[in-house]
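Working notes for the structure below.
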Amino acid sequence: MKKEIKKPIVEKKFIKEKVKKLKKISAPKDNIPVVSQRKYTARKYASYILLVSLIASISILTFMAKQTPYFKIDLVVTRAVQEFNAPWFQLIMNGLTYIGNPGISPILVVIITGIIYLKKRKKEALMLLISTIGASLISVTMKSFVHRLRPSPSLIHQITIYHKPDSFPSGHVLFYVGFFGFLFFLSFTLPENNKFRVGLLVILGLQKSIIGDYRIYLGVQWVSD
């Protein structure tokens, strides 16, 4: 009789455990709705495709840059960009390039990474750190391989001084790609959809897009760098 009484109780517990397991399996990861999860996956794969295309383009350009100090298009673009010489524009360009200088960029990386970490995004914070350090290592490695000199003052106007003689690739551009580019990637792929996220995407996108322009404007980088 005792076994017959306990049997239904054991079965009920077994069924409850099965239901709990099924709920865990069917529940979206990180409490993300199914639709948002699909968007997240689509954004992630689109970013991967873009990254692979970028790496292939950079590899081809690296070998071309090693063969020549500058291309004709470099000189044409630099002179065209430097025709716009408004004082306020030069001030903005110097301010933007200041962010990427060796004494400022590490502080910025530590602050932003710390904020992301405190927001309980430990994995994202670690990946941001790896992306930024990786970009710096790529810059150092490629510079030592290519040994391309900075633009000559006899060819264009150098508005600001540079810290290192090697031009290709641009350390500032790689820092912006590794750091601000990864922040753009996070903002693009994470499922939160609000006005702050859209604004952040616009700011990061513009900043990452014009970094090359103001390095050219200051006369320390060719467009092919």
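Taking my numbering, the leading residue of the sequence shown gets -4, the next gets one more, and so forth.
We put the beta carbon where it would ideally sit given N, CA and C, even for glycine.
Residue i vs residue j beta-carbon contact at 8 Å
{"i": "Ala60", "j": "Arg143", "result": "yes"}
{"i": "Thr127", "j": "Gly173", "result": "yes"}
{"i": "His152", "j": "Gly109", "result": "no"}
{"i": "Asp220", "j": "Ser139", "result": "no"}
{"i": "Tyr171", "j": "Gly90", "result": "no"}
{"i": "Gln216", "j": "Arg210", "result": "yes"}
CA-to-CA distance, residue j to residue i, given in whole angstroms
{"i": "Leu181", "j": "Ile133", "result": "21 Å"}
{"i": "His167", "j": "Gln32", "result": "34 Å"}
{"i": "Phe58", "j": "Val141", "result": "8 Å"}
{"i": "Arg145", "j": "Lys34", "result": "43 Å"}
{"i": "Ile20", "j": "Gln77", "result": "Residue placement at Ile20 cannot be trusted, given a pLDDT of 49 that sits under 50; what the coordinates show is reported in the next sentence. Going by the C-alpha atoms only, they are around 59 Å apart."}
{"i": "Tyr212", "j": "Phe84", "result": "10 Å"}
{"i": "Leu150", "j": "Met137", "result": "24 Å"}
{"i": "Ala51", "j": "Ile102", "result": "31 Å"}
{"i": "Ile68", "j": "Asn80", "result": "20 Å"}
{"i": "Tyr112", "j": "Ala130", "result": "20 Å"}
{"i": "Arg38", "j": "Ile44", "result": "10 Å"}
{"i": "Ala75", "j": "Lys114", "result": "44 Å"}
{"i": "Val47", "j": "Val72", "result": "27 Å"}
{"i": "Ser42", "j": "Glu119", "result": "15 Å"}
{"i": "Thr184", "j": "Pro148", "result": "43 Å"}
{"i": "Val218", "j": "Ile107", "result": "29 Å"}
{"i": "Lys117", "j": "Pro82", "result": "42 Å"}
{"i": "Pro64", "j": "Leu199", "result": "31 Å"}
{"i": "Phe66", "j": "Asp208", "result": "16 Å"}
{"i": "Val197", "j": "Ser54", "result": "28 Å"}
Residue range of the alpha helix (DSSP H) that includes residue i
{"i": "His167", "result": "Gly166 to Phe170"}
{"i": "Phe179", "result": "Gly176 to Thr184"}
{"i": "Leu132", "result": "Lys117 to Val141"}
{"i": "Val215", "result": "Unbroken run through Val215: none, as it is neither H nor E."}
{"i": "Pro97", "result": "Element bounds for Pro97: n/a, residue is neither H nor E."}
Quick check for students: name the residue ranges of the alpha helix (DSSP H) that lie wholly in the segment 63 to 89, counting only runs of 4 or more. 67 to 77
Inter-stretch contact at 8 Å, needing at least 3 Cβ pairs: the segment 121 to 136 / the segment 167 to 179: With a cut-off of 8 Å, the segment 167 to 179 and the segment 121 to 136 count as touching, because enough Cβ pairs lie within range.
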